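Everything in the sequence shown is counted per our numbering, starting at 2 for the first residue and increasing by one.
Every residue, glycine too, gets a C-beta built ideally from N, C-alpha and C.
Fair warning: this is a prediction, and the values are worked out from it, not measured in the lab.
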Amino acid sequence: FYFLVSRIDLDDLAMTSRSSSTIGIAFATFGTASLILLGAASLFERQKEKNQQQQQQRLQAQQRQQRSSSETRSRFRSSLAPVQIICAPSTAEFNSCIDSLVSNEDEVLIIRGTTAASTSSSGKSSVSSSAFDGGENRVATVCGGRPPKVYQGSMWDITALRDLYDGHENHDPRPSIVCIDFTNIHGNDIFMDSIVLIRLLRSVFDSTLSKIIIKSRILSNHSRSYQSFQSFEQKAKLQLEEQGSVTRDVKHTEVQVICAVGVSDYRSTIPYVVHKGDHVLEIGCHFGKTTDLLAKAAYASGDDDSSSVMGIDIGKKCIDRARKLYSQNNTNLRFDVMDAWDTGSLLRECPELNVIFVDVGGISGYDGEFEALTLVKQLVCVFGKRLRHIVIKSRCLRDHSSLFTHSDDVLRPATYTKKEY
2 FYFLVSRIDL
12 DDLAMTSRSS
22 STIGIAFATF
32 GTASLILLGA
42 ASLFERQKEK
52 NQQQQQQRLQ
62 AQQRQQRSSS
72 ETRSRFRSSL
82 APVQIICAPS
92 TAEFNSCIDS
102 LVSNEDEVLI
112 IRGTTAASTS
122 SSGKSSVSSS
132 AFDGGENRVA
142 TVCGGRPPKV
152 YQGSMWDITA
162 LRDLYDGHEN
172 HDPRPSIVCI
182 DFTNIHGNDI
192 FMDSIVLIRL
202 LRSVFDSTLS
212 KIIIKSRILS
222 NHSRSYQSFQ
232 SFEQKAKLQL
242 EEQGSVTRDV
252 KHTEVQVICA
262 VGVSDYRSTI
272 PYVVHKGDHV
282 LEIGCHFGKT
292 TDLLAKAAYA
302 SGDDDSSSVM
312 GIDIGKKCID
322 RARKLYSQNN
332 TNLRFDVMDA
342 WDTGSLLREC
352 PELNVIFVDV
362 GGISGYDGEF
372 EALTLVKQLV
382 CVFGKRLRHI
392 VIKSRCLRDH
402 SSLFTHSDDV
412 LRPATYTKKE
422 Y
């Protein structure tokens, strides 16, 4: 062993040691570089996946926006062509609308309903007087003596209504205009039944129908009350420029219902509808951001401040967070867990209101038209004495409001008298 060791060159040993160290350093450097490259590759993959997700979200948002601008679907109907619904409060206005809107080329259907008929001595149904003719004589005059088709029967008999045009012996052109006196059909003026019947007519005659002329005082008031945000904002801006304040028709005593789509339009109504010192309620306040904006708009500085703003929601977590975010330093702003349909609780907490904002998930989209109309009707009945505006975020009500036109807007579009709100 001594002999073998004595033969080893110490210089060779030192050189071998140095070479081993160099190789070790190289391997260590390579390993570190490999880890860095692997980390960079992993980071690149995660960033690529994140970018793909963001691109997919943007694409979905664009698709939703395209659907929102083109679709008018709800669970109560298929997609229907838009129809102009002209509402006249009296027989004279009804006849004037026929004179103005019906031409000789139109195919007109007169709907009288069962109430319009009287029973003769022979037991057969007949029309008793011109008061129930539903515009038949007026249409015949406008069309040069050509009589319109008349339907007299139950409006809920869909088969009979369709057979009027699609039966074995009937091949007449389908109507482009329908004329209805709802007081004749119902015996009185029933709002929700009228809305359902209008939907039925649109469904049965969708391919040809362009106008429905209606005599109904309730629907005339309805057409004055409901308007889209775009229509309201256009009128409000014009009045602010000309008069310095937002005004309304002197005949318009109904609560104004402004139908907005999207949070931006919903909140953009605040400067126009909320006044200093108002009592305001938001239904469906979520975390309270819009309710806080309402409180700031209603607040009147100084000792004269009598404003009160309340936000309600059925979610306790939402209310707890809203209280934490906004109501700690504002005594005029309250939040509470409450249901919009709980009329008794609403009256106890808000005995009088000037403005109500509604952002309820079930009626914000295309669905829920009847629920939305019913909720608005309830709020008007409960708070209508001092209530000026209801702003509701609802796409289905926006579409609904765009269909209805008051006879004044057809016969006298530029004639109105204004007064301050």
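Burial is judged here by how many other beta carbons sit within 10 angstroms of a residue's own beta carbon; L210 has at least 16 and is buried. With a cutoff of 8 Å on beta-carbon distance, P149 and V109 are scored as near each other.
Considered as a whole, the segment 342-402 harbours 356-359, 390-394 as its complete beta strand (DSSP E) runs of no fewer than 3 residues, in chain order. S309: member of the beta strand (DSSP E) spanning 309-314, first to last residue.
When C-alpha distances from D314 are compared across G362, T332, P352, L348, the shortest belongs to G362. By the criterion of at least three beta-carbon pairs nearer than 8 Å, the segment 369-389 is not in contact with the segment 332-340. Per DSSP, the unbroken beta strand (DSSP E) holding F336 starts and ends at 334-338. For R322, the closest C-alpha among the options C286, W342, S177 is that of C286. Approximately 11 Å separates the beta-carbon atoms of V179 and I99; this is outside 8 Å, ruling out the contact. V264 counts as exposed, since fewer than 16 other C-beta atoms from the protein chains shown sit within 10 angstroms of its C-beta. Beyond the five residues adjoining it in sequence on each side, S177 comes within less than 6 Å, by CB distance, of D107, E108, T209, S211 in the same chain, given in chain order. DSSP places T292 inside the alpha helix (DSSP H), whose first and last residues are 290-299.
The C-beta distance from E283 to F358 rounds to 4 Å, short enough to fall under 8 Å.
In the three-state scheme derived from DSSP, where H, G and I count as helix and E and B as strand, L110 is classed as strand. Rounded to the nearest whole angstrom, the C-alpha separation of V310 and F45 is 50 Å. If only uninterrupted alpha helix (DSSP H) runs of at least 4 residues are considered, those enclosed by the segment 127-165 are 137-143.
Here R389 is not near V411, since their CB atoms are 8 Å or more apart. By the neighbour-count criterion, in which a residue is buried when 16 or more other Cβ atoms sit within 10 angstroms of its Cβ, R47 is exposed.
Residue pairing by DSSP places Q85 opposite K212 in a beta bridge. The beta carbons of S221 and A93 sit no closer together than 8 Å. The straight-line gap separating the alpha-carbon atoms of Q55 and K49 is approximately 10 Å. Listed as beta-bridge partners of C260 by DSSP are S229, I393. Contact between S229 and S403 holds, since their C-beta atoms are separated by about 6 Å, short of 8 Å. Counting along the chain, no beta strand (DSSP E) covers F95; the unbroken alpha helix (DSSP H) around it starts and ends at 92-102.
One Cα belongs to W157, the other to S195, and the distance between them is close to 12 Å. For the pair D207 and R200, the Cα-to-Cα distance works out to about 10 Å. Judged by their CB atoms, G136 and N105 are not nearer to each other than the 8 Å cut-off. Taking N96 as the centre and dropping the five residues before and after it, the same chain places the C-beta of G136, R139 closer than 8 Å to its C-beta, in chain order. Across the structure, K378 and F192 are spaced so that their CA atoms are roughly 10 Å apart.
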